[in-house]
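Participant: In the working numbering, the protein residues as written are 1 to 133.
Cβ coordinates follow ideal geometry from the N, Cα and C atoms, glycine included.
Fair warning: this is a prediction, and the values are worked out from it, not measured in the lab.
Could you have a look at this structure, given as structure tokens, before my questions?
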Amino acid sequence: MPSPSTELLGLAGAAALGLVQIVLASHSASLQRGYRWTAGPRDEPLPPLSGIAGRLSRASANFLETFPFFAAGILAVVVTSTQSDWSKWGTVLYVGGRVAYLPLYAFGVPVARSIAWNVATAGIVAIYAALFV
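Below, the structure written as structure tokens:
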């Protein structure tokens, strides 16, 4: 059986990163609001999360905004057999950028966080470029 491509490994790695972000955001929210709140119906409005819990929640939401574009691009290049250096480097840039983005956002590092986001976004663009070059 052939080994999976860089693109498919990147897709699996990015999905795993997304799960890690959901768990970190959830547990940090529970630590801030209490596990009774977590186990309850969450019907009452609460103020926004603050500090690291708020940043982890926002980082997770941001990941969920970009991941569908990444996943669709990966699936498109795999299905159309247009994998190339563009899609491989795009995968590396996206996953690497998102891995860097999480701790940078969690610890409130402003400019580097934006650079990591731009690197990941450039990765998505490179993946789509692979369909046409």
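For V95 versus G13, is the C-beta distance shorter than 8 Å?
Facilitator: Yes, Cβ-Cβ distance for V95 and G13 is below 8 Å.
Participant: From the DSSP output, in three-state form, read off P48 for me.
Facilitator: Correct three-state label for P48: coil.
Participant: Taking R98 as part of the alpha helix (DSSP H), name the residues at either end of that continuous run.
Facilitator: Counting along the chain, the alpha helix (DSSP H) containing R98 begins and ends at 85–106.
Participant: Buried or exposed: where does Y101 fall if 16 or more other Cβ atoms within 10 Å of its Cβ makes it buried?
Facilitator: So Y101 ends up on the buried side.
Participant: Does the distance from the CB of A29 to the CB of S57 come in under 8 Å?
Facilitator: Cβ atoms of A29 and S57: closer than 8 Å.
Participant: Okay, do the region 78–89 and the region 55–69 touch, 3+ Cβ pairs below 8 Å being the bar?
Facilitator: The region 78–89 is not in contact with the region 55–69.
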